[in-house]
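Beneath this line is the structure, given in C-alpha cells, with notes to follow.
Number of protein chains: 2
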Amino acid sequence: MLRTHDCGSLTTGHIGETVTLNGWVQTRRDLGGVLFIDLRDRSGIVQIVFNPAYSGDALAIADKVRSEYVLSVTGKVVKRDEETINPNLATGEIEVHITEIEVLNTAKTPPFFVEDGIEVDESLRLKYRYLDLRRPEMQKTLMLRSKASKIFRDFLDENGFVDVETPILTKSSPEGARDYLVPSRVHSGEFFALPQSPQLYKQLLMVSGLERYYQIARCFRDEDLRADRQPEFTQVDIETSFLDRDTLLNMMEQLMVKLFKETIGVELETPFQRITYQEAMGKYGSDKPDLRFGLELVEMNDIVASSGVKVFASVIEKGGEVKCLNAKGCGTWSRKDIDDLGPYAARYGAKGLAWIQVKDGEFKGPIVKFFTEQEIEAVRERTGAEDGDLLLFSADNKKVVADVLGALRLKIGRDLGLIDDNVFKFAWVTDFPLLSYDEEAKRYVAEHHPFTRPNDEDLELFDTDPLKMRAQAYDIVLNGYEVGGGSMRIYKREVQEKMFDALGMTPELAREKFGYLLDAFEYGTPPHGGIAFGLDRLVMLLAGRSNLRETIAFPKTASATDLLMDAPSPVDPSQLDQLHIKLAKKPEDNKVKA
Amino acid sequence: MLRTHDCGSLTTGHIGETVTLNGWVQTRRDLGGVLFIDLRDRSGIVQIVFNPAYSGDALAIADKVRSEYVLSVTGKVVKRDEETINPNLATGEIEVHITEIEVLNTAKTPPFFVEDGIEVDESLRLKYRYLDLRRPEMQKTLMLRSKASKIFRDFLDENGFVDVETPILTKSSPEGARDYLVPSRVHSGEFFALPQSPQLYKQLLMVSGLERYYQIARCFRDEDLRADRQPEFTQVDIETSFLDRDTLLNMMEQLMVKLFKETIGVELETPFQRITYQEAMGKYGSDKPDLRFGLELVEMNDIVASSGVKVFASVIEKGGEVKCLNAKGCGTWSRKDIDDLGPYAARYGAKGLAWIQVKDGEFKGPIVKFFTEQEIEAVRERTGAEDGDLLLFSADNKKVVADVLGALRLKIGRDLGLIDDNVFKFAWVTDFPLLSYDEEAKRYVAEHHPFTRPNDEDLELFDTDPLKMRAQAYDIVLNGYEVGGGSMRIYKREVQEKMFDALGMTPELAREKFGYLLDAFEYGTPPHGGIAFGLDRLVMLLAGRSNLRETIAFPKTASATDLLMDAPSPVDPSQLDQLHIKLAKKPEDNKVKA
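Protein chains in written order, with this note's numbering: chain R, 4 to 597; chain E, 4 to 597.
Written as C-alpha cells, this is what we have:
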C-alpha cells in the first residue's frame, strides 16, 4: 500500500478522505479495547485509531505492534471530539480511523527513546546513529542543512558560478595542517593526500578562465580534535576572477541574507559591519568578536604608565599594554564573585586581575590608592565608569591582554544577559596581518595561507618589516564564530616567489612543491580571490545547536572514530602488501582505543 | 576597471554603448597600424580594435600584448563595416573601439593553442590542465556538468529528497572492489577506507526514517584502470523508503526527461523500454544493449541441433548454444571482409565464426552443404534472411556466444551506419540474477551487491537453486552504456543473514563486518530501495564526448596519476612515523612511474 499522505500533513481539510499512511509507531495506548497509536514519519505525527466498531481484523494485528514498528495503514480522516483535541500537535484536531493495516517490519525496544531532548550518553547515540537520527530534532537539522546547501547553490548558480568538483586524491602540501595520507598501490612508496581545502585547484580554475567557481567541498585535517572540529568537514568554496574585494563581499552579504531569510526567516541588515583586525583585537580582544553587545576594551597605557601601580608601569615599560574592561553594573559583586574571575582569567594567561569598583561616586579596591586624583578622573572619563560599575584591568603583552579581556568580556556579557540569542550579528574582519613569526620554527608563517595577496601599499615591506604587512584577507564573523574567510590571491609569479621566500622556502623547495602554480602564473593568470564558508558551523548556528556533531549525519568522535561502523579498523595484511607498506608495530602493541 | 559586459554577450543592441571587458588575448593582427585583437572570456570572443584615430596611448600598450595576456579594456561598441562582418562569431556584427587598456597580466607562449579540436598528446594537456581548460570545448563541458548537477538537485529537491553528506573516511568492506586505505594516526595499526559508494550509509538513513535521500557523492575504487574508469568518480546517489520499484523507476524517468531537455534540448519519450536481463542477453548479447538499432540475435539450437554441422551439434550436446546474427545487407562483403571478422570475434572468445551469404535467393558458404533443405528454410524464416544478407553464427557456451555476437552486432551496426548519434535511447534492464558463481573463490558472489533484495517469489531458491534467483535490481542503459543502476534492498534481518550465508560468510564474519547493519534491521527498518547514476558518464554522453577524462576538471591518468600536481608523491618519513607505518621497500627499489 503506497502512502497517499504524509502523517504530519493531515488537517481538518482532509476530513472524510480515505488515506494511506506509512510510518513508525511512536506510542501506543489501549483505552478499553480501543487502540490509539501515534504514527510518525518525517513530516510529523498523527493519531490513528483502531476500534472494534470499524477496524475489523486490523485491530487484532494492531494489538501486537510495539514502539518503532513500521506500519502501512489505511483509514478515514475524522474530526476529533472537542475534548480530545491536542493543541500541541499540528494534526491535533483530527485522527484517522483505520480499516486496514500491514506490519512492514517489527522492532526491538530501542536503547533510548526516539524523541527530542533525550539525555543519553553521546557515544550511545553515535553507536545507534540510525535511531538517533529518527528523532525529530535531528531530522529537522539534516533537512535544514540540505536546504541551506540548496540555497547556497541556487544563489551561486544565479550569479554565474560554475560547480566544479576537484580531486579528493591529491598531493601532500608542506604548509598547513597535518594531511591524511593514502598509499598508492600503483606507485610504490608514494602517497596521495586528502585535501585540506581545494585552494590550489580553485586558483588553477581561475587560471583556466572559468571566472566564477564554487563547490560544496569535503575537506580533511588530521588534527587533534576539539569540540568544534571534525576530521572531515564541509566548506562552501568560492572563487572569482576580475572582481574587487568589496564587490565580492557585498555579493556574499546578499548570499547570507538569502540563506537566513529562507531557512529561519531572519532578515539580516546589510551592509555588514566592517572592522579591521587591529580594531577587533583592540576593542574586543578577538578576531571573531561577538558584536551583539558592547563592553568594549579600553586602552589605558597613556593614563597609567606613570601611575603608582608598579605592575602597570613595568609592563608598559617592557612594551606591553594595560587595558580595561568596564563590566557595567557589576560593581555590586561581592569580593568572592570578583575573586572567582581570577582563575577564569588565568586560563587565558592572566597572571593577575586588577579591579576597581565604583560605589557612591567613588573608586574602591586595592589599587585605587596608587592612583592620583587626575588619574582617577582620566580613568573615569575613558571608561565611562559610573556608580555600580566594575573596572577590570589586564596588564601583559598584547596577546595575553586580548585573550584575557576578550574572554572576560564574553563571560560577563553572557552572565549579565547582554547576549540576545535571537540576534544574528554579522561582521567582516579585514586587514589581517600577512605573516606571523613562529618562535618554534624560527621563521615567518602565513597567517591566512601562502597564496594571500598583501595589501598593494605594503609590498615593499617584504624587504624591511614583513610583520607589518597586511593581507587582503577577510573573515566573516557571526555572533563570535568565524563562519567563513578568504582573501584576494597573489596572481603574479614574482609576488608569489617573494612570499615563498619570506616563508623560508628555498627557490628549489618552492619549485618542488608548487612548481605547477608558479608555472601557471606565467600563462596569463587573472586577478582573483575568493572565500570559503564553514557549512557545518553555519548550520549549527542556524539550527541553534552548540555542537558541530549535531549537524553531521555520521560524525566522528573527538578521537576520530566512527562508533557506528567501528572505523578505523584493522585490515587484512594482504591489503597492506598490495600498498607496499607495513605496520611500524604490531597493532596490539600500541593500540590506543579512545 | 570592473567589467560591465561579457565578451560573448555583445550584440548590435549594444551599439553606441561604452563597455568595459576583461579577458584573454586569443589572436592579434596588425593591419597597417590598426590593431585587431580577439578578446576571449568564458562567454565567447569579441573583436576589439586599437586605432590611432581614437585609442590614444592605449595603442602603444596594446602593441606589446601577445596571446593569452589578460586585459581590461574600455571602449565603444560599433557596428562593423558590411564587408568585415564575421558570420561565424556570435558577436561578429560588432566590434569595440578601445580607448583605455590595462594589462592585468602577461603570458608566455602556451605549449599548445588555446582553441577547440587541438591534436595534442593528452599527457601534455593534463600537465597544463589549467591551459587545456581554457579551451572553449572544455569550458562548455564543465559548465554542462555543473548544469546537469543542478538539474539533478532541483528535481530531487522538488520531490522531497534530502541532500545528506556521508563520510569519506569510512570502513573497509570485505565485498566489492579494492579499497583505498587511510592509516589512522590516533589508532595505531588501524585504517579508514574511502567509500566505494555510500551504499550502507544511505540504507542506514532509510532506517533513520529520512525516507528520501540523495547525494552527489564521490566514490573510490582502487582498480586497474580502463579508459572509462577513474580512481575517484561521482555518482548521483538516491534512496527512498516506502516506494515500490515501478514508482521509483517512473520518477527517475522524469528526472532523465528534465535532464536531457534542460541541458541539450532533447525530448525523451517515456516510458523507457523495460527489458529483462534474460531478454537483453538473448536478443543483444549484452546487459547494456544499444537499442538505437535492431540486428537482434536469433536462437538456433532447435534448428541446428541435428544438422550436419558437427560443431553446432556438439556444442548443443554439451549444454552450449548456437545463435545467429543476420547482418542485413552484408551479403555482398568479400571473402576477405568476412574473414576479417574472425580475429575481431576471437577477442571476445570466439574459436571460429560460421557464416552464410544469401545471394540470388540462395544460401552460400562453407557450412551450407551440411544443412538439409528444411533446415535452410527454417533458418531463413527464423532470421528473416533475404538477398544480400550475411548470417553469422556463434556456437559456444552462453557467455561466449553473447559476448561474440553482442560485439559483432555493435561493430556491424556502426559499420553499416545504423547508429544515429542524435538519438538517445534509454532502457531499463531488470531481473538480474541475484548471484553468480566465482570459480576462483569457489563460492557465490553477489551480482549487484549483498544488500539487493531477491524477487519475493524466488526466496525459497536460497536453499535449492541459488543461481536461479533473480534480484529486484535494475540498470538504466543509454545507447549501450550503463548510466545507472540500483535495486530494492533487503530490509529483514533473516533475509540479509540468508544472503550473507549464501555468500559463504560465517555468522561470525557477517557479524564482524556488518553487525551494525544486522542490528539496524531489528529496530524497524522500512522497505527501501534506490539507484545511483554515474554522473561522469552521463555528462560524457550529454556532451557527445567519448572519454570520461574530458568531463572531469582534474582527472587522473590510466596509471592513477595526477600529472598536474604530480601526485601521488613521496612524503616526509616523519609523516609515516606519525601514522605508525613503514614502507615495505625503499621507494627507489620499486618505483613504477608510469
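Even glycine gets a Cβ: it sits at the ideal position worked out from N, Cα and C.
Identity of the residue in Pro346/E, Asn304/E, Asn329/E nearest Glu378/E by Cα: Translated into the one-based positions of the second sequence, residue 378/E becomes position 375. When C-alpha distances from Glu378/E are compared across Pro346/E, Asn304/E, Asn329/E, the shortest belongs to Asn304/E.
Starting from Ile171/R, find everything on chain E with Cβ-Cβ shorter than 8 angstroms and list it in chain order. Translated into the one-based positions of the first sequence, residue 171/R becomes position 168. Correct list: Ile171, Leu197, Arg221, Phe223, Glu235.
Is there a Cβ of chain R sitting closer than 7 angstroms to that of Leu207/E, yes or no? Reading the second sequence from its first residue, position 204 is the one you call residue 207/E. Under the Cβ criterion of 7 angstroms, Leu207/E is counted among the residues facing chain R.
When DSSP builds the beta bridges, which residues end up paired with Glu324/E? Here residue 324/E corresponds to residue number 321 of the second sequence, with the count starting at 1. Bridge pairing for Glu324/E: Asp399/E [DSSP].
Report, in whole angstroms, the separation of the C-beta atoms of Lys82/E and Ile18/E, which I expect to be a contact under 8 angstroms. As a position in the second sequence, residue 82/E is number 79, starting the count at 1. As a position in the second sequence, residue 18/E is number 15, starting the count at 1. Taking 8 angstroms as the upper bound for CB-CB distance, Lys82/E and Ile18/E are in contact here, some 5 angstroms apart.
Starting from Val498/R, trace the alpha helix (DSSP H) in both directions and tell me its first and last residue. The count along the first sequence starts at 1 and reaches residue 498/R at position 495. Run containing Val498/R: 496-505, per the alpha helix (DSSP H) assignment.
Residues near Pro436/R in its chain [Cβ-Cβ closer than 6 angstroms; skip 5 each side]: Taking the first sequence and counting its residues from 1, the one referred to as residue 436/R is at position 433. Within the same chain, Cβ atoms closer than 6 angstroms to the Cβ of Pro436/R are found at Glu450, the five residues on either side in sequence being excluded.
Say whether the region 439-448 of chain R touches the region 333-343 of chain R, bearing in mind that this needs 3 or more beta-carbon pairs closer than 8 angstroms, one atom from each stretch. The region 439-448 of chain R is not in contact with the region 333-343 of chain R.
Could you spell out the range, first to last residue, of the alpha helix (DSSP H) harbouring Phe158/R? Stepping through the first sequence from its first residue, residue 158/R is reached at position 155. Residue range 139-161 is occupied by the alpha helix (DSSP H) that includes Phe158/R.
Within 10 Å of its beta-carbon, does Gln2/E have 16 or more other beta-carbons around it, so buried, or fewer, so exposed? Residue 2/E lies beyond the stretch modelled for chain E, which goes from 4 to 597, so this question has no answer here.
Over what stretch of residues does the alpha helix (DSSP H) that includes Glu265/R continue unbroken? Residue 265/R sits at position 262 when you count from the first residue of the first sequence. Here the alpha helix (DSSP H) through Glu265/R covers 248-267.
Given that a residue counts as buried once 16 or more other Cβ atoms are within 10 Å of its Cβ, and exposed if not, what is Ser549/R? Numbered from 1 along the first sequence, position 546 holds the residue referred to as residue 549/R. By the C-beta density criterion, Ser549/R is exposed, having fewer than 16 other C-beta atoms within 10 angstroms.
Which runs of the alpha helix (DSSP H), 4 residues or longer, sit entirely within the region 509-557 of chain E? Runs found: 510-523, 538-546.
With a cut-off of 7 angstroms, does the C-beta of Met568/E fall near any C-beta of chain R? As a working mapping, residue 568/E is identified with position 565 in the second sequence. Yes, because at least one Cβ of chain R sits closer than 7 angstroms to the Cβ of Met568/E.
Beta-carbon of Ala523/R versus every beta-carbon of chain E: anything under 7 angstroms? Here residue 523/R refers to the residue found at position 520 when the first sequence is read from its first residue. Ala523/R counts as touching chain E.
Could you tell me the distance, in whole angstroms, from the CA atom of Ile97/R to the CA atom of Lys286/R? Position 94 of the first sequence, counted from the first residue, corresponds to residue 97/R. Position 283 of the first sequence, counted from the first residue, corresponds to residue 286/R. Answer to the nearest angstrom: the Cα atoms are 57 angstroms apart.
Beta-bridge pairing of Phe194/E - partner residues as DSSP gives them: By one-based count along the second sequence, residue 194/E stands at place 191. Answer is Ser572/R, Pro186/E.
Can you tell me the Cα-Cα spacing of Pro369/R and Trp358/R, whole angstroms? Looking up residue 369/R in the first sequence gives position 366. Looking up residue 358/R in the first sequence gives position 355. Straight through space, the alpha carbons of Trp358/R and Pro369/R are spaced by roughly 8 angstroms.
Could you compute how far the alpha carbon of Met472/R sits from the alpha carbon of Val106/E? Within the first sequence, numbered from 1, the residue matching residue 472/R stands at position 469. Within the second sequence, numbered from 1, the residue matching residue 106/E stands at position 103. Cα to Cα, the separation comes out at about 26 angstroms.
Between which two residues does the beta strand (DSSP E) containing Leu42/R stretch? As a working mapping, residue 42/R is identified with position 39 in the first sequence. Counting along the chain, the beta strand (DSSP E) containing Leu42/R begins and ends at 37-44.
Local conformation of Asn304/E per DSSP, three classes: Position 301 of the second sequence, counted from the start, is the residue given in the question as residue 304/E. For Asn304/E, the secondary structure class from DSSP, reduced to helix, strand or coil, is helix.
If we count Cβ pairs, one from each stretch, closer than 8 angstroms, do we get three or more for the region 287-302 of chain E versus the region 408-420 of chain E? Enough Cβ pairs lie closer than 8 angstroms, so yes.
Applying a beta-carbon distance threshold of less than 8 angstroms, which residues of chain E neighbour Phe116/R? As a first step, residue 116/R is located in the first sequence; it is residue number 113 there, counting from the start. Ordered by position in chain E, no residue passes the 8 angstroms Cβ test against Phe116/R, which lies about 13 angstroms from the chain.
State buried or exposed for Glu214/E, treating a residue as buried only when at least 16 other CB atoms are found within 10 Å of its CB. Looking up residue 214/E in the second sequence gives position 211. Around the CB of Glu214/E, 16 or more other CB atoms lie within 10 Å, so the residue is classed as buried.
Backbone secondary structure at Arg412/R - three-state DSSP: Position 409 of the first sequence, counted from the start, is the residue given in the question as residue 412/R. Helix, per DSSP.
Check the Cβ-Cβ distances between Phe263/E and every residue of chain R, and say whether any is below 7 angstroms. To locate residue 263/E, count along the second sequence from 1; it is residue 260. So no, Phe263/E is outside the interface.
So which residues on chain E does Met284/R lean against when the C-beta distance must stay under 8 angstroms? For this step, residue 284/R is matched to residue 281 along the first sequence. Chain-ordered listing is empty here: chain E has no CB closer than 8 angstroms to the CB of Met284/R, the nearest sitting near 32 angstroms.
Return no unless some Cβ of chain R is closer than 7 angstroms to the Cβ of Asp166/E. Residue numbering aside, residue 166/E sits at position 163 when the second sequence is read from its first letter. Judged by the 7 angstroms Cβ criterion, Asp166/E is in contact with chain R.
Could you please tell me which residues of the region 134-164 of chain E, in chain order, have their CB closer than 7 angstroms to any CB of chain R? Cβ contacts with chain R: Leu134, Leu136, Arg137, Gln142, Leu145, Met146, Ser149, Ser152, Lys153, Arg156, Asp160.
Just confirm the distance between the C-beta atoms of Ala110/E and Tyr526/R, as a whole number of angstroms; I'd bet it's less than 8 angstroms. Taking the first residue of the second sequence as position 1, residue 110/E is located at position 107. Taking the first residue of the first sequence as position 1, residue 526/R is located at position 523. Here Ala110/E really is in contact with Tyr526/R; their C-beta atoms are around 5 angstroms apart, less than 8 angstroms.
Is Arg492/E helix, strand or coil when you go by DSSP? For the purposes of this step, residue 492/E is identified with residue 489 of the second sequence, where counting begins at 1. Strand, per DSSP.
CB Cys222/R to CB Gln199/R, shorter than 7 angstroms? Position 219 of the first sequence holds residue 222/R. Position 196 of the first sequence holds residue 199/R. Cβ distance < 7 angstroms, so Cys222/R and Gln199/R count as in contact.
Could you check how far apart the C-beta atoms of Asp406/E and Tyr351/E are, in whole angstroms? I think they sit under 8 angstroms. Position 403 of the second sequence, counting from 1, holds the residue named residue 406/E. Position 348 of the second sequence, counting from 1, holds the residue named residue 351/E. Contact holds; Cβ gap of about 4 angstroms.
8 angstroms contact criterion, which Thr554/R and Val542/R should meet: CB distance rounded: As a first step, residue 554/R must be located in the first sequence, where it is residue number 551. As a first step, residue 542/R must be located in the first sequence, where it is residue number 539. Contact holds; Cβ gap of about 4 angstroms.
Check this for me: beta carbons of Leu393/E and Gln360/E, under 7 angstroms apart or not? Residue 393/E sits at position 390 when you count from the first residue of the second sequence. Residue 360/E sits at position 357 when you count from the first residue of the second sequence. Contact flag set, yes.
Out of Val99/R, Ser70/R, Thr144/R, Gly95/R, which one is the CA nearest neighbour of Pro114/R? As a first step, residue 114/R must be located in the first sequence, where it is residue number 111. Per the Cα distances, Ser70/R.
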